[in-house]
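Colleague: Residue numbers (my numbering): 46 to 136. Shown below is the structure under consideration.
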Amino acid sequence: MTDSKGRWPKTDPDSGVEDAVLLILEWLGEQGVGAMIRVDAERFQAGLPVWTFTAGGGPLARGMRADGASAGECLSRGLIRLREGGLTVPF
46 MTDSKGRWPK
56 TDPDSGVEDA
66 VLLILEWLGE
76 QGVGAMIRVD
86 AERFQAGLPV
96 WTFTAGGGPL
106 ARGMRADGAS
116 AGECLSRGLI
126 RLREGGLTVP
136 F
């Protein structure tokens, strides 16, 4: 969630962010940020968002996490949170 009173940030489902996942992760690593995206089968069975993106370290003052129903939604939310943390990913 963002600091906007618990509302989910808006994402662009047609951004193509899923195609750039590996490039984004590699770029984050080059900046000293540890990051990963994963799918959780147990959350799928519980009807919860199954994708999780986490990042921390490097120029980020604190770690962050974003969840989504799809990999694209999850990573789009993650990119928004990275920007909120002062790190603009060039993708």
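Ideal Cβ positions, reconstructed from N, Cα and C, are used throughout, including at glycine.
Put Phe89 into one of helix, strand or coil per three-state DSSP.
Modeller: Position 44 of the sequence shown, counting from 1, holds the residue named residue 89. Correct three-state label for Phe89: helix.
Colleague: Whose C-alpha, out of Ile82, Leu68 and Gly103, is nearest the C-alpha of Ala116?
Modeller: The residue you call residue 116 lines up with position 71 of the sequence shown. Selected option, being the one with the closest Cα: Ile82.
Colleague: Exposed or buried, which one is Gly131 when buried takes at least 16 other CB atoms within 10 Å?
Modeller: Working through the sequence shown from its first residue, we reach residue 131 at position 86. Under this definition Gly131 is an exposed residue.
Colleague: Can you give me the C-alpha to C-alpha distance between Ala111 and Pro94, rounded to a whole angstrom?
Modeller: Position 66 of the sequence shown holds residue 111. Position 49 of the sequence shown holds residue 94. Rounded to the nearest angstrom, the two C-alpha atoms are 10 Å apart.
Colleague: Quick check on Ala66: does DSSP put it in helix, strand or coil?
Modeller: Position 21 of the sequence shown, counted from the first residue, corresponds to residue 66. Strictly speaking, residue 66 in this sequence is Val, with Ala absent from that position. Val66 falls in the helix class under three-state DSSP.
Colleague: Taking buried to mean at least 16 other C-beta atoms within 10 Å of its own C-beta, is Gly92 buried or exposed?
Modeller: Numbered from 1 along the sequence shown, position 47 holds the residue referred to as residue 92. Classification for Gly92: exposed.
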